[in-house]
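So the structure is just underneath, and the comments pick up after that.
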Amino acid sequence: MPLMREHSFNKMTMSSCFLILILSLSAVMAYEKRSEEKGSFSLQELLRRGNTTPEPKWTGKYFPSPPAIQQTTPATTVAHGGVPMGALNPNCDDAKTNLTVDWNFSALEYTCFFPSKLILPDFNIQPVLDIESVPKEYSAVHYCMNETIVYQNPIPTFGPHRPAWPRYGEYTYVPVQRWLHTLEHGGVVMLYHPCAQPLEVERLRRVVKACLFRHVITPNAHLTVERPLALLTWGKRLTMSAVNVNIVKDFIRQNALYGPEKISRDGQYDKGLIEEAKIVSDTEDTDLCPTLKDLSLFW
30 MPLMREHSFN KMTMSSCFLI LILSLSAVMA YEKRSEEKGS FSLQELLRRG NTTPEPKWTG
90 KYFPSPPAIQ QTTPATTVAH GGVPMGALNP NCDDAKTNLT VDWNFSALEY TCFFPSKLIL
150 PDFNIQPVLD IESVPKEYSA VHYCMNETIV YQNPIPTFGP HRPAWPRYGE YTYVPVQRWL
210 HTLEHGGVVM LYHPCAQPLE VERLRRVVKA CLFRHVITPN AHLTVERPLA LLTWGKRLTM
270 SAVNVNIVKD FIRQNALYGP EKISRDGQYD KGLIEEAKIV SDTEDTDLCP TLKDLSLFW
């Protein structure tokens, strides 16, 4: 008898679990459908809601002011202001020395201290596409690690940065001084607020990883509560409250690989690297988002 009761209990437990799984999947599918229905607009429509900055007056070889740079020691820049890209040098930037100049390794940058108050997606808040006019003559300066770089916009889409760029993949945290170099090479940077709803973060993460090799994913506490998710390319910023797969796909296909330096070579900086990026189509990302024809793979 006890054996029979145990067997019956196991059957009931399995049935309950199966029912919960079905209900969970149904909820997720309904959630995805609502997200996609709320986002039936084009990137051009998003642009009208965002900002397009006028092209600034050009006064020299390098951008004269914003994004601002604050120097704490005399400049030692050598083209790109003189510092060669990716040439590891402990006297300038070897991707390991003086890293605390950009980030003191504080968990404040990537931790949600109020997990009970997650930023829930609001499907009535539409995504915004901002385009910053970058002069064609602009060449971003590379600054060594004996200098501090501070930006006027906490989430810039272009500007001076470090010579050594991040390896492609997902990180515990990457400072802006590193991932701006990723944008310059035509890569895509995904940012999410530490308190963003995990389901939305995962949806965006899956799409980005399925679209291209040249990506960096990192939390960023400077995103707003209204739009805690962002995708960046050189000169462009898409911010969202909820993920619409079609809009994300279109943004990547239309804007990835258009940095001033079309370099697919992996980077050198890897502090906090959680997962290396995987090749999607090939090392040059010649076919962007090839698997997104089946959107069901992304809920």
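Its first residue numbered 30, the sequence shown is counted upward by one per residue in our numbering. Where is the CB? At the ideal position from N, CA and C, for every residue including glycine.
Taken through DSSP and simplified to helix, strand or coil, Arg196 comes out as coil. Comparing C-alpha distances from Ile303 to each of Thr315, Glu213, Pro195 and Thr268 shows the shortest one belongs to Pro195. Assignment of Pro185 by DSSP, reduced to helix, strand and coil, places it in the coil class. The beta carbon of Ala169 is closer than 7 Å to those of His109, Phe187, Gly188, Pro189, His190 and Glu213 in its chain, skipping five residues each way along the sequence. Under the 10 Å beta carbon count, Ile308 is surrounded by fewer than 16 other beta carbons and is classified as exposed. Between Gly264 and Ile160, the CB-CB gap stays under 8 Å. Per the DSSP secondary-structure output, Tyr298 pairs in a beta bridge with Pro195. Burial of Phe242 is indicated by the presence of at least 16 other C-beta atoms within 10 angstroms of its C-beta.
Residue pairing by DSSP places Asp159 opposite Arg266 in a beta bridge. Per the C-alpha coordinates, the member of Ser135, Leu321 and Leu233 positioned closest to Leu260 is Leu233. Residue state for Asp122 is assigned as strand, using DSSP reduced to three classes.
CA-to-CA, the gap between Pro164 and Ser145 works out to about 44 Å. In the three-state DSSP reduction, Val218 falls in the strand class (E or B). As far as DSSP is concerned, Ile178 takes part in no beta bridge. Spatial neighbours of Tyr221 in its own chain (CB-CB distance under 6 Å, excluding positions within 5 residues in sequence) are listed in chain order as Val230, Pro248 and Leu258. When the Cα atoms are used, Asn127 and Asn175 turn out to be separated by approximately 8 Å. With distances taken between CA atoms, Asp131 lies nearest to Val203 out of Pro150, Val203 and Val217. Within a 10 Å sphere around the beta-carbon of Phe280 sit 16 or more other beta-carbons, which makes this residue buried. Going by beta carbons, Tyr298 and Ala124 fall inside the 8 Å limit.
One thing to note: Val205 has its Cβ no nearer than 8 Å to the Cβ of Thr211. Under the three-state reduction of DSSP output, Leu137 falls in the helix class.
Under the DSSP assignment, His251 falls outside any alpha helix (DSSP H); it carries neither an H nor an E label. In this chain, the alpha helix (DSSP H) harbouring Asp279 covers Val274 to Asn284. In the structure shown, Leu228 adopts helical secondary structure according to DSSP, grouped into three states. In terms of Cβ geometry, Gly296 and Ala193 form a close pair [threshold 8 Å]. The criterion of a C-beta distance shorter than 8 Å is not satisfied by Thr315 and Ala239. The beta carbon of Lys300 lies closer than 7 Å to those of Leu128 in the same chain, with the five residues before and after it left out. Counting only the Cα atoms, Tyr167 lies some 31 Å from Thr201. Cβ contact annotation for Ala116 (same chain, cutoff 8 Å, sequence separation greater than five): Pro192, in chain order. Per DSSP, Trp132 lies in no alpha helix (DSSP H) segment and is marked neither H nor E.
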